[in-house]
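A.B. asks:
Residue numbers (our numbering), protein chains in the order written: chain A, 70 to 379; chain B, 146 to 444; chain C, 4 to 556.
(1) Looking at the structure shown, is residue 30 of chain C part of a helix, part of a strand, or coil, going by DSSP?
(2) Assuming contact is defined by CB atoms lying nearer than 8 Å, are residue 75 of chain C and residue 455 of chain C in contact in what I supplied?
(3) Measuring CB to CB, does residue 128 of chain C end up less than 8 Å from residue 138 of chain C?
(4) Of all Cβ atoms in chain A, is any one closer than 8 Å to the Cβ of residue 139 of chain C?
(5) Return the chain-ordered ranges of every alpha helix (DSSP H) run that is complete within the segment 356–403 of chain B and spans a minimum of 4 residues.
(6) Cβ-heavy atom distance between residue 179 of chain B and the ligand ADP below 7 Å?
(7) If I'm right that residue 304 of chain C touches residue 537 of chain C with Cβ under 8 Å, what's the distance once you round it to whole angstroms?
(8) If we require 4 or more residues per run, which alpha helix (DSSP H) segments fall completely within the segment 127–172 of chain C?
(9) What are the boundary residues of the beta strand (DSSP E) that residue 392 of chain C is part of?
(10) To be precise: take each residue of the segment 84–110 of chain A, compare its Cβ to all Cβ atoms of chain B, and keep it if any distance is under 8 Å. Which residues remain?
(11) Within the 8 Å Cβ cut-off, does residue 423 of chain B reach chain A?
(12) Using DSSP with H/G/I as helix, E/B as strand and the rest coil, what is residue 428 of chain B?
(13) Between the alpha carbons of residue 250 of chain B and residue 316 of chain B, how many angstroms are there, rounded?
(14) Return the first residue and the last residue of the beta strand (DSSP E) that residue 295 of chain A is part of.
(15) With DSSP collapsed to three states, give me the class of residue 140 of chain A.
(16) Quick check on the DSSP output: the beta strand (DSSP E) that includes residue 424 of chain C runs from which residue to which?
(17) Between the Cα of residue 412 of chain C and the Cα atoms of C:331, C:422, C:338, which residue gives the shortest distance?
(18) Could you please give the first and the last residue of the uninterrupted alpha helix (DSSP H) stretch that includes residue 265 of chain C?
(19) For residue 366 of chain A, does the three-state DSSP call read helix, strand or coil?
(20) Any beta carbon from chain A within less than 8 Å of residue 277 of chain B's own beta carbon?
(21) Can you tell me whether residue 70 of chain C is buried or exposed, with buried defined as 16 or more other CB within 10 angstroms of its CB?
(22) Step through the CB atoms of chain C and report whether any lies within less than 8 Å of the CB of residue 132 of chain A.
(23) Specify the secondary structure class of residue 553 of chain C as computed by DSSP and reduced to three states.
(24) Excluding sequence positions up to five away, which residues of its chain have a Cβ less than 8 Å from the Cβ of residue 437 of chain C?
(25) Using a 10 Å radius around the Cβ and a threshold of 16 neighbouring Cβ atoms, would you call residue 212 of chain C buried or exposed?
(26) Output, in chain order, the set of chain A residues within a Cβ distance shorter than 7 Å of residue 234 of chain C.
(27) With H, G and I counted as helix, E and B as strand and the rest as coil, what does DSSP make of residue 115 of chain C?
(28) Please give the ranges of any alpha helix (DSSP H) in the segment 159–238 of chain B, keeping only runs that are unbroken, at least 4 residues long and fully inside the region.
(29) What residues of chain A sit near residue 260 of chain C, judged by a beta carbon separation below 7 Å?
(30) Select from the segment 263–290 of chain A all residues with a C-beta closer than 8 Å to any C-beta belonging to chain C, and list them in chain order.
(31) Taking CB distances under 8 Å as the criterion, tell me whether residue 393 of chain B reaches chain C.
(32) Round the Cβ separation of residue 48 of chain C and residue 64 of chain C to the nearest angstrom and send it over; I've been treating them as touching at under 8 Å.
(33) What are the boundary residues of the beta strand (DSSP E) that includes residue 180 of chain C?
(34) Hey, could you find the ends of the beta strand (DSSP E) residue 398 of chain A is sitting in?
(35) Report the start-end ranges of each beta strand (DSSP E) in the segment 446–515 of chain C that is 3 residues or longer and not cut off at the edges.
(36) Along chain E, which residues have their Cβ under 7 Å away from the Cβ of residue 136 of chain C?
Shown next as structure tokens:
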């Protein structure tokens, strides 16, 4: 167990280094530089030279990479080329917003998916089951930018029910409603289907039949055996799901003008803002790595059958 | 011996699939979609890329009578291009995007997965390290980085950017397929019929092709059924972000991107492609669910 | 500044948290002393550092908080004193300029503002360590160019200090600052209004480094002070009570809605008091009596034109260029294709900018004359015409625009051109110099300051001009005229010389003038006192303190 943990913890920085190298190489291989957004008015030559010196872009690329990694080890993420401000500041402003949006979407998804999935499994092939499955499939299928367009057009512009721009101070429920629901929908659909199928699986298992045969009341069978066991597969997907929600919010953030980190990535790619491209990618890779690790450990703790040292 | 068993398994699966109404409905929509895509040049009344600025921003036939024309039943966009023709031609782009990268992924993924799973050792180790690194990237973001890196080069110019999207989706997704196949092979490796085949003197190659491959096909088919709409979704997201298919080639994502600026005055240019994407995606998902249930009755 | 990614568009957030305070009820028409204005600034400015700013939204943010030595008269666009008490005293040879500050100037925190602060502002722009993009406009100051060209990281401190010491900026007293120029540049009056010379306070910059543009240290001397900046969300400004003529408005909130469609909806919901109108919204505005009444037209200080690469066939021949320039209908272009803007009906300089020459009809639409000109083309040029392509930054909108003009040339000249769509970033780096620029492409110029020098000299002078260096244009007579006008001290003679040069430019036709920029915005009836000019980076920029909203009830 501890051996496994150590190995996974050691693998994480190596994976991050590989991610950093690939991203750095691809970003610098991308044609055009940070100064090519000056379409109609090209930058005066001297200004470009000074800017390259200022941001250390006058060094050979491999040296730039070494400098970057050196700074990274000292937890210095550099200065944004586009904004001229420390990258750490920029991420620090957006991350709480993105994390809040992601987590509350996940909670919403779980709060809906668990009861819906369980009920749907217990009443298999009923009308309610079919309706749930259909809705869950629709939820997982419709692209979120399509949902954004629908929601903004209908609830925002036609009915004028809900505001659709901005985040406010993060406490304004009406403002958060649409983005949170849209972000939650795919996870909700996916989790509902997962809960339903794992409850069905457990219901067929021997120990449940035994419990029933022993004459236990249906409710305590459900509580004592079915739900606990059905939750294991749900837990395994929570890691990637959390990471996906945090990462996947960039389209929603874009539509609803939410000042999170999601949009930073696309912006920085377009602006060839190398330090921000690196920082956002590494942040995501770290989030995914940590989430997976946490789930692996929790999984081992919850289900004694799983041997962590595979 | 295994041949007979295999055949009846497939037949059972087919009849289970045929009995699944949702999957059949999905299949019909997918077939219709494929027909529209293939017959686009015949079906579309106009050139989807050519606009006449004098006929711009016409409403669809149910819209404002002052701004519609019988010649353009679904209206025109802000550049005066026929919305109906663009919707039809977009189906063609989506069909290509749906199937081409998935074929690449299946070819590479199955080959690598078989080798890694069957021979193990360094091939396996290499694959799993690649899996670690590629899985550490959020998928769409990795695609975005690759697409922007190569967009300005010759490969980005091929087929209005379609080829580049094929390549980048395949680059990011083949490892998933390889891992899936590897897992299946590992599970099969210890089974009796493989040992039996080996005892009878079959070569590795024969065992792989005749015995292992048919047994990993079912999960691969299911993965393809979900991979196709996944690729379409990636394309539409990229095009929506303005880094996918290059204008003036239409795609549903491009149409949503371009239509959004007009959305207040006329939501239809956005809603129509949005509905198209959603319906096709839904159809593929139902079909994929049906295939999974048919091929793996336990689920 | 076109966006590559549309949704990024929506991007930069905003909270229309503050829905505007003045909705409904009768209004007295008097300025509300507690009035608040809510507008949209689109995306978040990348920087609001006056010595690094270069985009319109960045410059606009600087102009809210800072005031230069000079400003522009909104009617004539001529430079007039602002922080300076009077017009500068210029030596007889035109090389030494002395500005005297007004009495009692203060920063928004009440501390005094002296000539030293201005000297710091100008020299910070020249400093290579600042890496400001607009340093070049100060190269006319002695020593600025040499210092700016040094490597701030690798040169020794002694070398850098020596270069700084050679800079021609001197503080003569608390209230007097003197500039030594390389040439007698009459246009230096206009430069003195620009963001490059804003008096940022050295102690603020030193204290906060890269973070000095946050509200706590972003202290200026202009009509407003920045009190809150929630990044990617909003910027909140309040009246600077220490400004010499305090603003009528108490508070100005600028939200960040980058997508025009969303901002338009917010305006209709009374969540914004002002909003720009894009071509897509014109029909809605035209069909709505209320909106139509709220629409305001403003000219813009920008000209768009088709550039000809004069170093390559067929456009190395002047008659071919002029033939192309005279054979498309600019009125139809603006009416059918671009929808906003003014057809180019004069030379390179647009209306509203000193130097505009409405009588320059050299390039006016005349297909018959154009065909006669084309008949003079050499066999080599005719050969080149057969394979000619129009290169453009690939997007659906630009394709339509390019297709339109290609159609015109086919109809009026009988020349058939191919289309060459190029990826945007690749296009950007391709049109940087004459070796790689295509034969035919679209260009534009937006004024930095309203003086013909910033048009003719900056853009078209041989070799170093922004456009001439890209199309390979050089004309010694043109150079001689603009150079002499740059140094001319008599304003009337100066303008006449520039106009003369402008005629040469139109006749040489290294470019075909297409249209002058113009825009339209919507303004709620309770917003008053907006004074627009074509060079506004910010609405009402040159009379911000005059803007007000009327009282509720």
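Even glycine gets a Cβ: it sits at the ideal position worked out from N, Cα and C.
C.D. replies: To lay it out plainly:
(1) On the third chain, position 27 is the one that residue 30 of chain C refers to. Its pLDDT being 49, under 50, residue 30 of chain C is placed unreliably in this model, and the value from its coordinates should be taken loosely. Residue 30 of chain C: strand per DSSP, three-state reduction.
(2) Stepping through the third chain from its first residue, residue 75 of chain C is reached at position 72. Stepping through the third chain from its first residue, residue 455 of chain C is reached at position 452. No.
(3) Residue numbering aside, residue 128 of chain C sits at position 125 when the third chain is read from its first letter. Residue numbering aside, residue 138 of chain C sits at position 135 when the third chain is read from its first letter. The answer is yes: Cβ separation under 8 Å.
(4) Residue numbering aside, residue 139 of chain C sits at position 136 when the third chain is read from its first letter. The beta-carbon of residue 139 of chain C is placed less than 8 Å from the nearest beta-carbon of chain A.
(5) 358–385
(6) As presented, the structure is devoid of all ligands, the ligand ADP included, so that no description of it is given.
(7) Along the third chain, one-based indexing puts residue 304 of chain C at 301. Along the third chain, one-based indexing puts residue 537 of chain C at 534. So it is a contact: roughly 5 Å between Cβ atoms.
(8) 147–151, 160–168
(9) For this step, residue 392 of chain C is matched to residue 389 along the third chain. Its beta strand (DSSP E) spans residues 392–396.
(10) 84, 85, 87, 88, 91, 92, 95, 96, 98, 99, 100, 101
(11) By one-based count along the second chain, residue 423 of chain B stands at place 278. Cβ-Cβ to chain A under 8 Å: yes for residue 423 of chain B.
(12) Here residue 428 of chain B refers to the residue found at position 283 of the second chain. In the three-state scheme derived from DSSP, where H, G and I count as helix and E and B as strand, residue 428 of chain B is classed as helix.
(13) Counting from 1 along the second chain, the entry for residue 250 of chain B is found at position 105. Counting from 1 along the second chain, the entry for residue 316 of chain B is found at position 171. Their backbone Cα atoms lie some 8 Å apart in a straight line.
(14) Translated into the one-based positions of the first chain, residue 295 of chain A becomes position 226. For residue 295 of chain A, no beta strand (DSSP E) encloses it, and the DSSP letter there is neither H nor E.
(15) Mapped onto the first chain, residue 140 of chain A falls at position 71. Three-state result, residue 140 of chain A: helix.
(16) Translated into positions along the third chain, residue 424 of chain C becomes position 421. Here the beta strand (DSSP E) through residue 424 of chain C covers 421–425.
(17) Position 409 of the third chain, counted from the first residue, corresponds to residue 412 of chain C. With distances taken between Cα atoms, residue 412 of chain C lies closest to C:331.
(18) Your numbering for residue 265 of chain C matches position 262 in the third chain. Taken as a continuous stretch (DSSP letters only), the alpha helix (DSSP H) holding residue 265 of chain C covers 263–271.
(19) Walking along the first chain from the start, residue 366 of chain A turns up at place 297. Three-state result, residue 366 of chain A: helix.
(20) In the second chain, counting from the first residue as 1, residue 277 of chain B sits at position 132. Yes, residue 277 of chain B lies at the interface with chain A (some Cβ there is under 8 Å from its Cβ).
(21) The residue given as residue 70 of chain C occupies position 67 in the third chain. Burial call: buried.
(22) By one-based count along the first chain, residue 132 of chain A stands at place 63. Interface flag for residue 132 of chain A against chain C is unset, since no Cβ pair is found closer than 8 Å.
(23) As a working mapping, residue 553 of chain C is identified with position 550 in the third chain. Residue state, collapsed to three classes: strand.
(24) Along the third chain, read from residue 1 onward, the residue named residue 437 of chain C stands at position 434. Cβ within range, chain order: 312, 314, 472, 473, 474, 475.
(25) Against the third chain, residue 212 of chain C aligns to sequence position 209. By the neighbour-count rule (16 or more Cβ atoms within 10 Å), residue 212 of chain C is not buried but exposed.
(26) For this step, residue 234 of chain C is matched to residue 231 along the third chain. Within chain A, 162, 328 have C-beta atoms less than 7 Å from the C-beta of residue 234 of chain C, given in sequence order.
(27) For the purposes of this step, residue 115 of chain C is identified with residue 112 of the third chain, where counting begins at 1. Strand at residue 115 of chain C.
(28) 166–183, 185–188
(29) Position 257 of the third chain holds residue 260 of chain C. The answer, in chain order, is 234, 326.
(30) Correct list: empty, as no residue qualifies.
(31) Here residue 393 of chain B corresponds to residue number 248 of the second chain, with the count starting at 1. It does: the Cβ of residue 393 of chain B has a partner Cβ on chain C nearer than 8 Å.
(32) Here residue 48 of chain C is taken as the residue at index 45 of the third chain, counted from 1. Here residue 64 of chain C is taken as the residue at index 61 of the third chain, counted from 1. Rounded, the Cβ-Cβ distance is 5 Å, consistent with contact.
(33) Stepping through the third chain from its first residue, residue 180 of chain C is reached at position 177. Looking at the DSSP string, the run of the beta strand (DSSP E) that includes residue 180 of chain C is 179–183.
(34) This structure cannot speak to residue 398 of chain A, because chain A is shown only from 70 to 379.
(35) Fully enclosed beta strand (DSSP E) runs of 3 or longer: not present.
(36) Protein chains A, B and C are contained in the structure displayed, whereas chain E is not.
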